[in-house]
Amino acid sequence: MKQGSMMGFLVAVLIGLILSEAWSYEIGVGDVLDIDMWQQPELSTTVRVYGDGTVALPVVGTVKVEGMTPAQAAELISRKLSVFNPRISQVAVKIVEFNAQSVFVLGEVRSPGRYGFETIPDLVTVLSEAGGTTEEATLSEVLILRKHPSESRGVTVDVEGIVNEKNLSLLPPLKPGDLIWVPGRGSRVGRNRVSVVGEVHSPGTYAIGSGTDLFDLILLAGGPTEEADLGRVKVLQSTGKAFVINVDSYLVRGERSKMMRLNPDDIVIVGRRSKFWSTVWNGFREVVTVLGAVASLYLIYNTLTE
């Protein structure tokens with residue numbers, strides 16, 4: 001075989017391996033799919049997988065795709081569409097957001113929020129994806145909160161020590177839905193910061209004033225997305241208390257002045273109008289305390305009971 005032909009063959013094999021690896025991914029709740037129906041392009045759409053594992057499509061209605069590969073989902077959708085239009089024989093399904101394999105990163109990182117992956121990497125890589133840590137980060141006490149009943153419900157990791165030992169195999173593997181908290185040093189106290197995740201345009205950590213209310217924070221975070229459920233906004237307080245606030249009702253009744261004021265270290269979850277963010281909220285049950293030099297952090301998490 002000529003050198004050029006051999007190179008072309010190897011490239012083709014490599015591309016095939018890459019495509020087969022990506023194609024083997026199983027679709028999960030929260031993933032966003034780009035569905036291309038090129039034989040009838042007006043039906044092409046981008047959809048999110050609902051909490052029950054289904055997607056809503058033109059003409060055919062809801063289709064359960066959870067647990068399928070993109071190829072399997074494409075075949076199923078094509079088969080259902082062909083009942084209404086026999087000319088549709090090919091559908092392409094592409095995953096544009098890997099939200100089923102996601103973790104939440106909060107605290108002293110530069111870009112707090114939710115991060116989705118095709119395969120969840122190690123803790124150091126996730127922290128890097130979140131922009132790296134701030135100067136205030138205490139990497140010897142990174143907290144991982146688990147939502148899985150089979151896992152240890154709260155794990156404190158000495159990331160600094162593990163990195164210094166150059167033995168990343170000591171890092172605990174991350175699981176979908178894990179919440180990673182990077183605590184700060186004592187100088188962090190008094191900076192009046194709160195975190196918001198979920199259906200806002202810019203999830204992250206924000207500085208607040210003494211009178212900042214829940215809707216102020218949502219606006220600071222870029223406002224709610226189209227899928228946000230402002231009727232059930234969750235607030236986890238550093239006192240160990242948890243609240244579900246109907247922000248919509250305050251706005252509709254013109255009672256903005258009565259809306260809940262936020263306190264430093266509050267964590268706000270703006271849910272989606274589906275079961276997905278409710279599942280995340282239900283993942284927090286127990287109170288975990290992380291003692292710093294002059295401050296404590298309390299986070300609430302539930303073990304899934306399903």
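Take 1 as the starting number for the sequence shown in UniProt numbering and just add one per residue.
Cβ coordinates follow ideal geometry from the N, Cα and C atoms, glycine included.
Rounded C-alpha distance that separates residue i from residue j
i           : j           : result
residue 37  : residue 99  : 23 Å
residue 32  : residue 268 : 23 Å
residue 40  : residue 88  : 7 Å
residue 160 : residue 185 : 14 Å
residue 221 : residue 135 : 23 Å
residue 178 : residue 165 : 25 Å
residue 225 : residue 197 : 12 Å
residue 59  : residue 108 : 47 Å
residue 68  : residue 119 : 16 Å
residue 114 : residue 130 : 9 Å
residue 137 : residue 260 : 29 Å
residue 154 : residue 241 : 18 Å
residue 266 : residue 128 : 24 Å
residue 203 : residue 49  : 21 Å
residue 30  : residue 239 : 31 Å
residue 42  : residue 252 : 37 Å
residue 285 : residue 245 : Residue confidence is low: residue 285 scores 32 on pLDDT, short of 50, so the model does not pin down where it sits. Its coordinate-derived value is still stated next. Residue 285 and residue 245: Cα-Cα distance of roughly 18 Å.
residue 256 : residue 170 : 49 Å
residue 258 : residue 219 : 17 Å
residue 249 : residue 139 : 41 Å
residue 254 : residue 264 : 26 Å
residue 84  : residue 210 : 59 Å
Rounded distance between the beta-carbons of residue j and residue i, thought under 8 Å
i           : j           : result
residue 163 : residue 214 : Wrong, their Cβ atoms sit about 37 Å apart, outside the cutoff.
residue 28  : residue 75  : Actually they are not in contact, since the Cβ atoms of residue 28 and residue 75 sit about 18 Å apart, beyond 8 Å.
residue 124 : residue 105 : Wrong, their Cβ atoms sit about 12 Å apart, outside the cutoff.
residue 231 : residue 201 : At roughly 19 Å, the Cβ-Cβ gap does not stay under 8 Å, so residue 231 and residue 201 are not in contact.
Beta-carbon proximity of residue i to residue j, cut-off 8 Å
i           : j           : result
residue 25  : residue 77  : no
residue 180 : residue 103 : yes
residue 54  : residue 46  : no
residue 172 : residue 157 : yes
Neighbourhood of residue i by C-beta distance below 6 Å, restricted to the same chain and skipping five residues each side
i           : result
residue 205 : 112, 193, 195
residue 212 : 262
residue 280 : Note that residue 280 scores 47 on pLDDT, short of 50, meaning its location in the model is unreliable; the coordinates nonetheless yield the value given after this. Contacts found: none.
residue 91  : 37, 74, 77, 78
residue 82  : 88
residue 132 : 110
residue 93  : 33, 35, 70, 73, 74
residue 44  : 36, 37
Same chain only: Cβ atoms within 8 Å of residue i, ignoring 5 sequence neighbours per side
i           : result
residue 168 : 122, 124, 162
residue 229 : 199, 270, 271, 272, 273, 277
residue 243 : 234, 235, 237, 260
residue 174 : 103, 120, 121, 122, 123, 126, 144, 180
residue 217 : 194, 196, 206, 208, 262, 268
residue 86  : none
Cutoff 7 Å; reference residue i; Cβ partners in own chain excluding five residues on either side
i           : result
residue 116 : 97, 98, 99, 101, 102
residue 72  : none
residue 80  : 60, 63
residue 56  : 47, 62
residue 227 : 199, 272, 273
Any chain C beta carbon closer than 8 Å to residue i
i           : result
residue 199 : Among the chains of the structure shown, chain C does not appear; only one protein chain is present.
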